[in-house]
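Numbering (the UniProt record's numbering), first residue to last: 1 to 222.
Just so you know, even glycine gets a beta-carbon here, dropped at the ideal spot from N, CA and C.
What follows is a single structure, written as structure tokens, with notes after it.
Structural data, given as structure tokens:
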């Protein structure tokens with residue numbers, strides 16, 4: 001029986017996913033997914049409580065009524081909580097479904113296990129960004145973990161900056177782990193696996209960046 005151990009999978013993925021490949025049963029997956037969702041909600045609640053990323057709303061303090069301002073902050077907080085709930089779920093489901101198309105010989109539970117690791121690493125990224133956002137007042141596009149800071153020096157194109165800001169050391173780490181995992185559980189050639197993983201992350205970043213940009217453009221009607 002395979003026991004999901006996230007830390008082992010992150011630090012020693014070759015051994016960890018060899019165990020997953022050889023096992024017929026997976027233990028602890030549901031608990032870890034539920035824990036991750038709970039922690040993500042807790043972090044989102046903390047961000048909402050501290051007013052992280054509400055700078056644009058607060059700029060309107062002197063031009064709109066207090067009731068509308070509080071309502072806008074409430075909607076922003078609800079949106080943050082929904083994001084905290086849905087973000088890890090979407091990440092896990094996305095990679096599971098994409099890889100199922102190319103690796104139909106790998107069982108669903110094992111694919112869900114592989115999909116758990118990017119969701120966890122992206123959560124860790126949010127945890128590390130939390131104090132930077134709060135104390136320095138920077139946005140996600142200026143996170144030191146991604147390429148957003150560099151691309152802002154040469155381009156002001158919103159979608160390009162947003163998309164490249166999603167390419168972080170954690171997303172690269174996630175891709176590397178999934179390449180190892182899929183290689184351990186598949187007979188496909190390494191170059192095919194690398195191509196599939198790059199394709200999956202390319203689509204993931206496009207979808208995520210498009211959604212973020214859409215919500216920013218819609219804004220909150222005051």
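In chain order, what residues of the same chain lie with their CB nearer than 7 Å to the CB of residue i, ignoring the 5 residues before and after it?
i: residue 80; result: 44, 47, 48
i: residue 166; result: 146, 205, 208, 209
i: residue 160; result: 151
i: residue 148; result: 141, 142, 161, 164, 165
i: residue 102; result: 196
i: residue 125; result: 145, 168, 170
i: residue 94; result: 204
For the alpha helix (DSSP H) containing residue i, list its first residue and its last residue.
i: residue 18; result: 13 to 22
i: residue 148; result: 148 to 151
i: residue 110; result: 108 to 136
i: residue 188; result: From DSSP, residue 188 is part of no alpha helix (DSSP H); its letter is neither H nor E.
i: residue 159; result: 158 to 165
May I ask you to report which of helix, strand or coil DSSP gives residue i?
i: residue 4; result: coil
i: residue 27; result: strand
i: residue 84; result: helix
i: residue 9; result: helix
i: residue 221; result: Confidence at residue 221 is low in this model, with a pLDDT of 37, below 50, so the placement of that residue should be treated as unreliable; the coordinate-derived value is given next. Three-state result, residue 221: coil.
Who are the Cβ neighbours of residue i in its own chain at under 8 Å, not counting the five residues just before and after it?
i: residue 221; result: In this prediction, residue 221 has a pLDDT of 37, which is less than 50 and means its spatial position is unreliable; what the coordinates show is noted afterwards. For residue 221, where only same-chain residues beyond five positions count, there are no Cβ hits under 8 Å.
i: residue 8; result: 15, 16
i: residue 195; result: none
i: residue 197; result: 175, 178, 179, 182
i: residue 85; result: 37, 40, 41, 44
i: residue 130; result: 43, 46, 47, 52
i: residue 155; result: 161
Report the CB separation of residue i from residue j in whole angstroms; it is logged as a contact under 8 Å.
i: residue 92; j: residue 33; result: 7 Å
i: residue 118; j: residue 36; result: Not a contact, Cβ separation roughly 11 Å.
i: residue 106; j: residue 186; result: 7 Å
i: residue 214; j: residue 158; result: Going by Cβ atoms, the distance from residue 214 to residue 158 rounds to 11 Å, so no, they are not a contact pair.
Does the distance from the CB of residue i to the CB of residue j come in under 7 Å?
i: residue 100; j: residue 116; result: no
i: residue 121; j: residue 170; result: yes
i: residue 174; j: residue 123; result: no
i: residue 13; j: residue 177; result: yes
i: residue 138; j: residue 26; result: no
i: residue 2; j: residue 20; result: yes
i: residue 52; j: residue 104; result: no
i: residue 113; j: residue 29; result: yes
i: residue 224; j: residue 188; result: An answer regarding residue 224 cannot be provided, because it is not within the stretch 1 to 222 covered by the chain.
Flag residue i as yes when its Cβ comes closer than 6 Å to any non-hydrogen atom of the ligand SAM, and as no otherwise.
i: residue 41; result: With respect to the ligand SAM, the structure shown offers nothing to examine, as it has no ligands at all.
Leaving out the 5 sequence neighbours to the left and right, which residues in its chain are closer than 6 Å to residue i when beta-carbon positions are compared?
i: residue 201; result: 175
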